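Chemist: Those sequence lines, one after another, are chains A and B. When you line the first sequence up against the working numbering, it's residues 1 to 649, in that order. When you line the second sequence up against the working numbering, it's residues 1001 to 1682, in that order. Have a look at this one before I ask anything.
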Amino acid sequence: MRSDDSSTLYDRLTQPLVREHGELRPATWPEALDRAAAGFRQGVERHGPNSFGMLSCARATNEMNFMAQKFTRAVIGTNNVDSCNRTCHAPSVAGLAAAFGSGGGTSSYAEIEDTDLIVIWGGNPRFAHPIFFQHVLKGVRRGARLFVVDPRRTSTAEWADRWLGLNVGTDIPLAHAVGREILHAGLANETFVERATTGLEEYRALVEPWTLTAAEAETGVPAEAIRELAHSYARAERAQLCWTLGITEHHNATDNVRALINLALLTGHVGRHGSGLNPLRGQNNVQGGGDMGAIPDRLAGFQDLLDPGVRARFEEAWGRPIQGSRGRNLTQMFEAMETGEIRTLYVIGENPVQSEPETHKTTSRLRALDHLVVQDIFLTRTAELADVVLPASASWCESDGTFTNSERRVQLVRKALDPPEGARDDIEIMCELATRLGHDWERPSAERIWDEVRSLSPMHRGMSYARLAEHSGIQWPCYSEDTLEPSYLHARLWSTDPGERGEPAPFGIVGHSPPVDLLDEDFPFRLTTGRRLDDYNTGVQTSGFSSPLRRGELLDLSPEDAVKLGVRDGETVRVTSRRGSVLVPVSVTDAMRPGLVFMTFHFPDQVDTQLLTIDATDPIAGTAEYKAAAVRIERVEHAEEARATAAAS
Amino acid sequence: MDLRFLDEAPTAVERDAVDAVLGPPESGWDGGIRQDADLRYARGGHASRERRDLLLPALHAVNDRVGWISRGALDYVCRRLTVPPAEAYAVASFYAMFALHERPRRVVHLCTDIACAAAGSGALRDRLAARLGPPGGGHGPSRGAEAPDAAVTWHESPCLGLCERAPAALALQAGDPARYAVAAPAVAEDVDALTGGGPGTAPGPAGSGNGHHPGPRTTYASAPLPGNRPEPAPASAVPDAGSPDHVLLRRIGRVDPLSLDDYRAAGGYAALREALRIGPAGVLREVNESGLVGRGGAAFPTGRKWSATAQQPDTPHYLVCNADESEPGTFKDRVLMEGDPFSLVEAMTIAGFAIGARTGYLYIRGEYPRALRHLENALALARERGLLGTGIMGSGLDFDIEIRRGAGAYICGEETAIFGSIEGQRGEPRTKPPFPVEKGLFGKPTVVNNVETLVNVLPILLMGGPAYASVGTRDSTGPKLFCLSGGVRRPGLYELPFGATLRDLVEAAGGVPGGRSIRAVLLGGAAGTFVRGDELDIPLTFEGARAAGASLGSGVVLVLDDTADLLATLVRVAAFFRDESCGQCVPCRVGTVRQEEALLRLRSGASSPDRELPLLREVGRAMRDASICGLGQTAWNAVESAIDRLGLFAEPPSAPGGPRATVEDTHQTAAPESGAATEEAS
């Protein structure tokens, strides 16, 4: 379980593999494609199209994602398509969409540099979003004040003017206390609240119990610090509220997002240049994947699947009816595998075995499938379980297309390398499969796919490849080829004309719900998870690169707890949750406080953190509570450590 | 800035020294003891980073107290100021006077620069080496047996600015307070005393006043290190002190430099009162009409610089007084600061008033302990009497001065490198534009003036600009200070109105001793040019020097007589530039090394002028054309003039001086200390 070598080298896949007698063996492309297609066909014939699921890739191009959802909807005939955005920012999309009607961050990078106050809540962009953080730093250097709300004093917090170290899972009490303080201090933006929101009185009643003192007791943050945050945010002429997975990886994540949005509604920090709400997306195209409709409830351009008028246009274009009900999201698909409702799964560039909580459960669910096709550049742990493995191209350098970044900017990606001999472009593979399934898809160029997107999605309509090149990327919405929209969303809310203003934004009436995995005498430590600077997610893409900073998986522990437990920096301890147990070396750091410990999930082959995490999920968005597990920590006898090491190697 | 702190702790003494500068830590996050409240809340950000300019003072505090900067001390400073240790190390290691490895508390700096070498510093170097071993190593004669105070190390130093009393040596000893002693002119016994070997080495009580005014607390104790002769009064540097013709030097030797009352009794603060009467626009008008140009070497019109800064909409505006007088052979600013410190305080106040600055930084070189002490005293007294601070002289003027001490880096006298040094960065020059008047210190509009330049503002206000302009010549107005050293009878600081010739100056100093003749005169310091002994009719004006293909630079006139070893002097100049190049740009970093190597080959006879001169010219041209700042641009000046003007390597006479002289014109005044020649108003 633990090995001293924390880096794992994956070799590029260059030959298809098929399972025979329980083992994967090399196969020719025609054989592999035939097998893959046959499995899907059989599944649909026997169990209907809704027994199929597609996991699309948040790192691949918009064009690939558009084709993946089209494959799902037009070739198979189901809406069961989703991607790993479910494990990170689906709650942000859900929360923003509930308030404003669309699920993107509302500001642009340039506005982060041109604001007066930046609040980063539940995120460590210094490590996890280094590019975005450069924009934050530009803003800071131009005078913007920086508040960081995070249980840990992260390296982001080291840059901050104020750090508020709250208890894990108490974001709603803190947000409500900030809201209450703004109301009581008379700092709410009355013009905006009156013009653009509904439900203030309900909100007022909701937050009233959260006095500064009550919030201090629940969150651990000093009352004066909460007051400071409230006043600074409300009084700033411009303010940006940014969040990451500290908000969304909770069982009540969408509520967390709503609680933050409430603060922007209360102060009018949305819909203006320099003021906005920004979920920081974690993958190069996690925004674009959703925009392209690779989600179970929206068609390209965030168009509502339930709207027959919307569906009709797609149906006309594709010559095939689209189901009028939402598909299953990623979390629901995994649950449906257990009940046998999902029988076949097509995974493109995802590694759920190591990214989903409770590894054992995920593995057994995938094993239960009738047919699993994995299309990837590496033989991941998920691919090892597949019936057919299809070697793909690396989207970012081996194909043409577009990506959409966190500020909704669509940018051209140009092919720089040919895929290695034997690997094929993702879209080409899908076309081959579609053709085998009775839809004669010729391999279209990336630009032709994009033009199809533009013809179907009004908010992408004005973005021709030529224009994307000319402007070095264009932010959505872009309705026509003659215009560019403002860099921020929801300016309509400030309009004096009710018609132009449209739907007001409702305050989210959401209550506090502490983490599901309770602390008690047996499991007294709160384990939270996240990223480090030099590694990425499950490590498939980063472990092959050396880094002077990398120390492998570690359990970050406060100096006080280290003394209490009698462990030294570097010593291996056993960490046990109600679901599993791992061995991991300790890193003693001031950034942690007593009772709080931290791990990443970058080194699943060394320490499988997901054995510890809980799969309590947000009922609205389906995101799991990676951020809050209850664990205990025990010293390990040397003998046990040695045994474990021997067993691992 | 990612804060990867070291895991080494400061000693109590180091902590105390840092806290004396920065105040006590606020929380466990900035170096204090971790408390429960720290687990939930931290302040920092802008408030911490804005104190970055205290990095250099904090490093000084440690170095002054314990003699070197340990990893623990460095880490503590970093925690206090939110600075990554790697960056603080980069800053600390930039300066020659800081040690990052343990060393004895006392350090003797022996000047081996041009004037001191000519005056026999070589013998003193040999004596130090015999007593203490090679430079940097060193130990006390009784190491271990007595207090660690007795332990001592030594270094060869670039010019200590004591050229009128060459050869010179300076001893600095860490402690609370730090102490110093100067020996100049130094004989063997003096050097022995500096190393603690002389009689009466028992340290006296710390900070004992020794009969002096009980004045404010200063960095250095007022009494010298025990066992050393007291330093002669500042006025001893001015051979004709008390002359009725003096304007800039009129108070030197006539007032107690530690007494504000004395200063006021001698006409002090009349100019500030006049300035307040005529208002900032009036001051700018008078300074413009005076024709005053910068005395640091670049000769840029002071009035234009002030007006351009005053007009900048961006605020705040800053004033920087460049007292980093490090050009070899220069000591005029030292004499002014030691002998008449209040005049600089008054002049800075007027400048701040005129350009709309509320803060002035006085950047003084680290090798001037007495000037530092006199200025610290002057600032404290001026504050006490309401002449600095808020509502100065009952007017609405708010202005104060902070002293920043250099730590042994010639480049920090360059007008943009000084910003980096004050800001707590490495003292590396910046490219221009933007010019300092637009983006200077902390990125804000800034006036940088030399000490002598500022002090000229007092007579301008008292006489009126036009009357001042009538002194001197049309293009070089007012009085000028000349630092005369080397082979003359009475070396020292001379004040002459512009227009006097080199011969006038040499004669004022009593000419050369009998039997000697002048081989060469170095005008403008290491960054300047040599002229021949038969060129004494060169007028000492900006235009006159320029016409002669030379430069006044900072006013250095270093006379080398017929006994001087010219090649050795050139090697010393080349070594100086090699040592002081900050290393930021390639032409200078590499060029200064190559230049020294070529000269060393010539001196050792390993190579011939035929082979080396083309190389020297090529390297010199590259440095002059492509270096970022005046240091690299002028590093070849002296060598070139020695070759072409003095005919050091007896080149065939076919190399004409004419075209070369025009080339020099555009570059020669770019001594770093002066602000670069490329400076223009924006």
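In this text, a Cβ means the ideal position worked out from N, Cα and C, and glycines have one as well. Quantities reported herein were computed from a predicted structural model and do not represent experimental measurements.
In or out: residue 1531 of chain B buried (at least 16 other Cβ within 10 Å) or exposed?
Modeler: Looking at its Cβ environment, which holds 16 or more other Cβ atoms inside 10 Å, residue 1531 of chain B is buried.
Chemist: To the nearest angstrom, report how far apart residue 1253 of chain B and residue 1396 of chain B are at their CA atoms.
Modeler: When rounded, the distance between both Cα atoms is 34 Å.
Chemist: Taking only beta-carbon atoms, is residue 165 of chain A less than 8 Å away from chain B?
Modeler: It does: the Cβ of residue 165 of chain A has a partner Cβ on chain B nearer than 8 Å.
Chemist: Identify which residue in A:548, A:356 and A:571 has its Cα closest to the Cα of residue 55 of chain A.
Modeler: Here the closest residue by C-alpha is A:356.
Chemist: Following the continuous beta strand (DSSP E) through residue 403 of chain A, name the residue where it begins and the one where it ends.
Modeler: Looking at the DSSP string, the run of the beta strand (DSSP E) that includes residue 403 of chain A is 401-404.
Chemist: Among the candidates A:150, A:215 and A:196, whose CA atom is the shortest distance from the CA of residue 176 of chain A?
Modeler: Of the listed residues, the one whose Cα sits closest to residue 176 of chain A is A:215.
Chemist: Please confirm if residue 1076 of chain B has its CB atom under 8 Å from at least one CB of chain A.
Modeler: For residue 1076 of chain B, the answer is no, since every Cβ of chain A falls outside 8 Å of its Cβ.
Chemist: Assuming the contact rule is C-beta atoms closer than 8 Å, residue 1458 of chain B and residue 1271 of chain B should be a hit. Round their C-beta distance to whole Å, please.
Modeler: Right, their Cβ atoms sit about 4 Å apart.
Chemist: Considering only DSSP beta bridges, list what residue 599 of chain A is partnered with.
Modeler: Paired residues: A:529.
Chemist: Residue 401 of chain A and residue 637 of chain A: beta carbons closer than 8 Å?
Modeler: No, the Cβ-Cβ distance between residue 401 of chain A and residue 637 of chain A is not below 8 Å.
Chemist: Which residue wins for smallest C-alpha separation from residue 1177 of chain B, given the options B:1622, B:1638 and B:1066?
Modeler: Ranking the options by Cα distance to residue 1177 of chain B, first place goes to B:1066.
Chemist: Based on Cα-Cα distance, which residue from B:1054, B:1070, B:1627 and B:1092 lies nearest to residue 1432 of chain B?
Modeler: Here the closest residue by C-alpha is B:1627.
Chemist: Tell me the rounded alpha-carbon separation between residue 301 of chain A and residue 454 of chain A.
Modeler: Roughly 9 Å separates the two Cα atoms.
Chemist: DSSP on residue 348 of chain A, reduced to helix/strand/coil?
Modeler: In this structure, residue 348 of chain A counts as strand in the three-state DSSP scheme.
Chemist: Compare the C-beta of residue 1003 of chain B against all C-beta atoms of chain A and say whether one is closer than 8 Å.
Modeler: So yes, residue 1003 of chain B belongs to the interface.
Chemist: With 16 as the cutoff for other CB atoms within 10 Å, does residue 1050 of chain B come out buried or exposed?
Modeler: Residue 1050 of chain B is exposed by the Cβ-count criterion.
Chemist: Specify, as a first and last residue, the run of the beta strand (DSSP E) that residue 54 of chain A falls within.
Modeler: Segment 52-56, the beta strand (DSSP E) holding residue 54 of chain A.
Chemist: Could you tell me if residue 543 of chain A is buried or exposed, where buried requires 16 or more neighbouring beta carbons within 10 angstroms of its beta carbon?
Modeler: Residue 543 of chain A is buried by the Cβ-count criterion.
Chemist: Would you call the stretch 583-595 of chain A and the stretch 128-144 of chain A in contact, with 3 or more CB pairs under 8 Å?
Modeler: No, because fewer than three Cβ pairs between the stretch 583-595 of chain A and the stretch 128-144 of chain A fall closer than 8 Å, the two stretches do not touch.
Chemist: Does DSSP classify residue 1588 of chain B as helix, strand or coil?
Modeler: Residue state, collapsed to three classes: helix.
Chemist: When you compare the CB of residue 162 of chain A with every CB in chain B, is at least one pair closer than 8 Å?
Modeler: Interface residue, yes.
Chemist: Please name the residues in the stretch 1042-1056 of chain B whose beta-carbon is closer than 8 Å to at least one beta-carbon of chain A, in chain order.
Modeler: Here the close residues are 1042, 1043, 1044, 1045, 1046 and 1047.
Chemist: Restricting to Cα atoms, I'd like to know which of A:367, A:180, A:141 and A:122 is closest to residue 153 of chain A.
Modeler: Residue 153 of chain A has its Cα closest to that of A:122, out of A:367, A:180, A:141 and A:122.
Chemist: Strictly by DSSP, which residues pair up with residue 240 of chain A?
Modeler: Beta-bridge pairing links residue 240 of chain A to A:118 and A:276.
Chemist: Just tell me which of A:298, A:220 and A:171 has its CA closest to the CA of residue 1036 of chain B.
Modeler: Nearest of A:298, A:220 and A:171 to residue 1036 of chain B, Cα basis: A:220.
Chemist: How big is the Cα-Cα spacing for residue 1006 of chain B and residue 1429 of chain B?
Modeler: Distance between the alpha carbons of residue 1006 of chain B and residue 1429 of chain B is about 29 Å.
Chemist: Quick one: Cα of residue 1526 of chain B to Cα of residue 1020 of chain B, how far?
Modeler: Looking at the two C-alpha atoms, the distance is approximately 38 Å.
Chemist: Can you give the Cα-Cα distance for residue 1355 of chain B and residue 1280 of chain B, rounded to whole angstroms?
Modeler: Those two C-alpha atoms are separated by around 7 Å.
Chemist: Out of curiosity, what's the CA-to-CA distance linking residue 1468 of chain B and residue 1297 of chain B?
Modeler: Distance between the alpha carbons of residue 1468 of chain B and residue 1297 of chain B: 20 Å.
Chemist: Closest Cβ-Cβ distance between residue 1523 of chain B and chain A: below 8 Å?
Modeler: By this cut-off, residue 1523 of chain B is not an interface position.
Chemist: Using C-beta distances below 8 Å, list every residue in its chain close to residue 12 of chain A, excluding the 5 sequence neighbours before and after it, in chain order.
Modeler: Taken in chain order, the residues that qualify are 377, 378, 391, 420 and 423.
Chemist: DSSP on residue 314 of chain A, reduced to helix/strand/coil?
Modeler: DSSP places residue 314 of chain A in helix when its eight states are reduced to three.
Chemist: Identify, in the order they occur along the chain, each residue of the same chain with its Cβ nearer than 6 Å to the Cβ of residue 1465 of chain B, setting aside the five sequence neighbours on each side.
Modeler: So the qualifying residues of the chain are 1286, 1289 and 1290.
Chemist: Starting from residue 158 of chain A, find everything on chain B with Cβ-Cβ shorter than 8 Å and list it in chain order.
Modeler: The contacting residues are 1001, 1002, 1003, 1044 and 1082.
Chemist: What does the alpha-carbon distance come out to for the pair residue 1171 of chain B and residue 1108 of chain B?
Modeler: Rounded to whole angstroms, residue 1171 of chain B to residue 1108 of chain B spans 4 Å at the Cα level.
Chemist: Measure from the alpha carbon of residue 1415 of chain B to the alpha carbon of each residue in B:1362, B:1102 and B:1386, then state which is nearest.
Modeler: Closest by alpha carbon: B:1362.
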